[in-house]
Amino acid sequence: MNNSLVVYLKSLQTFCAFASTKFSSFAKSAWQSMKYSCRFICQTNPLFIQVTYFTLISFAGYEALKVLNSQDKSNTLKNLDVLFTSVSASTVSSMATVEMEEFSSKQLWVLAILMLIGSEVFTSVLGLHFMRAKFNKENSLNTRDHISHIDIESINVANFDPNTSHGTKDAVSFSEIRLANKQHVDPKTTVLLGTAVTVYLLITNLGSSLLIYLYLKLVPDAQEVLKRKGVGLFLFSVFTAISSVANCGFTPVNENMVIFQKNSGLLLLIIPQMLVGNTLFAPCLRFMVWSLQKITGKQEWCYILEHANAIGYRHLMSTRKCACLILTVVGFIILQTILFCALEWSSEALQEMSSYQKIVGALFQSTNARHAGETIVDLSSISSAIIFLYIVMMYLPGYTSFFTNYDDRYSKDEKRYNRKGLLEDWILSQLSYLAIFVMLICITEREALTTDPLNFNVFSLLFEIVSAYGNVGFSMGYSCKRLLKQDLHCKDASYGFVGKWSDEGKMILIIVMVFGRLKGYNLKGGKAWKLR
Numbered sequence: 001m002n003n004s005l006v007v008y009l010k011s012l013q014t015f016c017a018f019a020s021t022k023f024s025s026f027a028k029s030a031w032q033s034m035k036y037s038c039r040f041i042c043q044t045n046p047l048f049i050q051v052t053y054f055t056l057i058s059f060a061g062y063e064a065l066k067v068l069n070s071q072d073k074s075n076t077l078k079n080l081d082v083l084f085t086s087v088s089a090s091t092v093s094s095m096a097t098v099e100m101e102e103f104s105s106k107q108l109w110v111l112a113i114l115m116l117i118g119s120e121v122f123t124s125v126l127g128l129h130f131m132r133a134k135f136n137k138e139n140s141l142n143t144r145d146h147i148s149h150i151d152i153e154s155i156n157v158a159n160f161d162p163n164t165s166h167g168t169k170d171a172v173s174f175s176e177i178r179l180a181n182k183q184h185v186d187p188k189t190t191v192l193l194g195t196a197v198t199v200y201l202l203i204t205n206l207g208s209s210l211l212i213y214l215y216l217k218l219v220p221d222a223q224e225v226l227k228r229k230g231v232g233l234f235l236f237s238v239f240t241a242i243s244s245v246a247n248c249g250f251t252p253v254n255e256n257m258v259i260f261q262k263n264s265g266l267l268l269l270i271i272p273q274m275l276v277g278n279t280l281f282a283p284c285l286r287f288m289v290w291s292l293q294k295i296t297g298k299q300e301w302c303y304i305l306e307h308a309n310a311i312g313y314r315h316l317m318s319t320r321k322c323a324c325l326i327l328t329v330v331g332f333i334i335l336q337t338i339l340f341c342a343l344e345w346s347s348e349a350l351q352e353m354s355s356y357q358k359i360v361g362a363l364f365q366s367t368n369a370r371h372a373g374e375t376i377v378d379l380s381s382i383s384s385a386i387i388f389l390y391i392v393m394m395y396l397p398g399y400t401s402f403f404t405n406y407d408d409r410y411s412k413d414e415k416r417y418n419r420k421g422l423l424e425d426w427i428l429s430q431l432s433y434l435a436i437f438v439m440l441i442c443i444t445e446r447e448a449l450t451t452d453p454l455n456f457n458v459f460s461l462l463f464e465i466v467s468a469y470g471n472v473g474f475s476m477g478y479s480c481k482r483l484l485k486q487d488l489h490c491k492d493a494s495y496g497f498v499g500k501w502s503d504e505g506k507m508i509l510i511i512v513m514v515f516g517r518l519k520g521y522n523l524k525g526g527k528a529w530k531l532r
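Following our numbering, the numbering of the sequence shown begins with 1 at its first residue and continues without gaps.
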């Protein structure tokens, strides 16, 4: 009996050891498979990473806002409105279904964090991290072939006769060697570039916060406005700076920047903050890298400037393209400013402002129309021509320019596109998706379109949808005065027009905001469609 027990225990021990070994081996194999699968997805499908990222931070922000909301017994925000606001902040869209002053100070800090980590500059830093992993893999696979290739070229160069104009038949120029070398990007280069972009992000946000805070400290009128609102100077400065640099458009007050329309100094401080965070980010980054190269003399910075295409960081552009981009951005701002002043100079929205304040206000409004979304006027009170102009401006991507001579990277992209198969042919253009979204919203809001046509009409719905798709945040709002049948229970509010939509309409606009934030992956859609 005892011998049988000993044999049984030994067998059990052997089995447990065997099972433990196998389980450990299986777990290790599964972990490696998951790691390589995730790495493969990261490197081959950046769109999946972006969708996952914005989904995670949006729901994390939603949970944080709900927890802080439950602690404030006087604050009863609907779950859908909280989710909508979280997505709006993380996608830097600033579409609003509730008034901003309904959020507590702690909730406003959560929104500030969402705007920061959802900004174009911050997400591009994360993109550089994944690029480094990609270059690490490519370099490890290609090192042997690359060395052999360089050895062959070195032999050919050794056969080059400097006394002849062309050298021997097998000779290869030094420029060809550099061309071969530049195809293998050192991962340290992306680390260096990532550090530069991170420093850029910190400088722009901290510097902007400091400038706004100093202005508020030095201008008593601006302080009084915030004191009446119960908003602290530090909170307003940091929140507005992050929102402006991220081109989100949120402010901690209900009226946005309307209450500061006469503070021309503050508006002039915020205008460059919006430009350096979005439409002029690429030229500013190139200038920063050029400055670092001149100051430090490091060859790495020179490599980054000369081989922008090889690195593949879309915000790193050539000098020529940066110049064209600057001209385009400035041209659009000047055009809008001239038209705004011509059509709105004597309007009710600007009647209490001086000529100087009107010009600065028009400049501020024109800068915001591209992507930032802050406003000094009630958009429902300005002319239809300006509203239509804003629709066009909001639709244009941030790096729209009159640059027509594309570099080799774009021709290679075209070739890759042609090799991707018939599935790519079914990707629709941006206008097609906008048409679909407008149709869906018209279906969800069909009852309001019939009973309240002055507020709910196709043009106002189109304006709201394009604003969400462009991640701008402009809204024509909702007015009880435009009701055909007066409703005693109707109350005007300072939040966006979408705040009066049905829950189904709000859910669709959430999708529109996320879709718009990722529209960079669909700028070449609709190529299979030929209009003749």
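C-beta: ideal position from N, C-alpha, C; glycine also.
8 Å contact criterion, which residue i and residue j should meet: CB distance rounded
i      : j      : result
Leu363 : Ile271 : 7 Å
Leu285 : Val197 : 7 Å
Phe239 : Pro252 : 5 Å
Phe281 : Glu464 : With 8 Å as the limit, Phe281 and Glu464 do not qualify as a contact, their Cβ atoms being about 26 Å apart.
Ala336 : Met393 : One point to set straight first is that residue 336 is Gln, not Ala, in the sequence displayed. Confirmed, about 7 Å.
Gly61  : Leu114 : 5 Å
Arg275 : Trp290 : According to the sequence displayed, residue 275 carries Leu and not Arg. With a Cβ gap of about 18 Å, Leu275 and Trp290 do not count as contacting.
Leu201 : Phe287 : Their Cβ separation, rounded to whole angstroms, is 15 Å, which puts Leu201 and Phe287 out of contact at 8 Å.
Gly361 : Leu267 : 7 Å
Gly194 : Leu292 : Actually they are not in contact, since the Cβ atoms of Gly194 and Leu292 sit about 13 Å apart, beyond 8 Å.
Ile386 : Glu344 : 7 Å
Ala96  : Tyr495 : 4 Å
CA nearest to the CA of residue i, picked from the options
i      : options                           : result
Leu488 : Gly496, Thr52, Tyr495 and Ser479  : Ser479
Pro283 : Ser355, Ile259 and Gly398         : Gly398
Gln261 : Pro252, His307 and Gln351         : Gln351
Glu374 : Val110, Leu80, Val92 and Leu68    : Val92
Lys500 : Lys519, Glu447, Tyr469 and Val514 : Glu447
Lys298 : Thr189, Ser383, Leu206 and Leu462 : Thr189
Val98  : Leu316, Asn79, Gln357 and Val110  : Asn79
Val514 : Leu316, Cys442, Ile443 and Ser90  : Ser90
Ala468 : Leu108, Val330 and Tyr390         : Tyr390
Ser380 : Gln273, Ser460 and Thr195         : Ser460
Val472 : Arg320, Tyr303, Ala246 and Ile259 : Ala246
Leu396 : Arg517, Cys442 and Asp221         : Arg517
Thr76  : Val219, Tyr356 and Phe103         : Phe103
Thr55  : Val225, Ser86 and Asn69           : Ser86
Leu83  : Leu65, Met100 and Ser94           : Leu65
Pro187 : Asp221, Phe130 and Asn522         : Phe130
Gln357 : Ala310, Gly265 and Ala323         : Gly265
Ser209 : Ser243, Val191, Thr195 and Gln430 : Ser243
Thr204 : Asp221, Ser237, Gly230 and Gln223 : Ser237
Leu509 : Leu192, Ser24, Ser94 and Ser25    : Ser94
Phe340 : Phe59, Ala372, Leu218 and Ile359  : Ile359
Met507 : Glu445, Arg482, Gln486 and Lys481 : Glu445
Lys519 : Leu483, Gln430 and Ser24          : Gln430
Asp452 : Gln13, Leu440, Trp109 and Phe497  : Phe497
Val330 : Thr279, Ser124 and Val458         : Thr279
Ile49  : Ser318, Ile443 and Leu126         : Leu126
Terminal residues of the alpha helix (DSSP H) in which residue i lies
i      : result
Ala89  : Asn79 to Ser90
Glu224 : Pro220 to Lys229
Leu363 : Ser355 to Thr367
Leu431 : Gln430 to Thr444
Thr567 : Beyond the ends of the chain as shown, which are 1 and 532, falls residue 567; an answer cannot be given.
Val514 : Asp503 to Arg517
Trp345 : Careful: Trp345 lies outside any alpha helix (DSSP H) and carries neither H nor E.
Gln351 : Segment: none, Gln351 is in no alpha helix (DSSP H) and carries neither H nor E.
Asn309 : Ala308 to Ile311
Lys106 : Ser105 to Ile117
Val472 : Segment: none, Val472 is in no alpha helix (DSSP H) and carries neither H nor E.
Ala385 : Ser384 to Tyr395
Ala241 : Leu233 to Val245
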